[in-house]
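Under the working numbering, the residues of the sequence shown are numbered 51 to 183, in order.
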Amino acid sequence: MRKVRWLIYALYVVTFACISACSHVDEETPRSFVSRVITETVDLRGKISSELLAGKQNVSVAGPLSLPAGERGGVVQFEFGWISSTGAVVVYAKDRVTLIVLEPHVEKGGVSWKCITYPREANPTIYASGVLP
């Protein structure tokens with residue numbers, strides 16, 4: 051009976067050690083942060099694009115940037131977010147040391163978006179050219 055208790059106790063200790071050793075924090079890399087910002091700004095970029103295509107020089111959403119809760123449930127956290135009067139979206143996250151600039155370009159009857167990141171390695175490989183679809 052003592053051996054069984056000792057075995058159960060040892061099993062609890064090993065289980066606790068394994069659980070403690072595994073990280074429960076869902077850490078977000080700079081690259082995944084940039085991907086989330088790009089994803090969460092799709093609607094905003096669509097609105098800016100339509101205003102620029104309509105010939106407006108200044109967009110109506112210019113000013114401080116706030117993003118709604120995303121698909122993952124959490125709000126994208128950043129220290130500074132701004133939308134310029136020309137439609138450029140700037141986001142800075144101090145804890146990830148990441149700067150993102152999403153810049154619209156009106157050409158050939160459409161709007162293309164350029165993604166500039168610092169550090170450069172934070173740019174997701176799908177956007178390696180810097181141009182967003």
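Where a beta carbon is used, it is the ideal one built from N, C-alpha and C, also for glycine.
Just so it is clear, the structure is predicted and the values come from calculations on it, not from any experiment.
Spatial distance of residue i from residue j (CA atoms)
i    : j    : result
Q107 : S135 : 8 Å
T65  : V141 : 42 Å
T175 : G96  : 22 Å
A103 : H155 : Contrary to the premise, residue 103 reads as Leu rather than Ala in this sequence. Each residue's alpha carbon lies about 10 Å from the other.
E78  : V54  : 43 Å
F128 : P118 : 12 Å
S162 : V181 : 7 Å
Buried/exposed call for residue i, threshold 16 Cβ in 10 Å
i    : result
E171 : exposed
P80  : buried
E157 : exposed
Extent of the continuous beta strand (DSSP E) to which residue i belongs
i    : result
F130 : 130 to 133
K164 : 160 to 168
Beta-carbon spacing of residue i, residue j below 9 Å
i    : j    : result
I133 : V87  : no
V92  : T167 : no
E90  : V126 : yes
A143 : E153 : no
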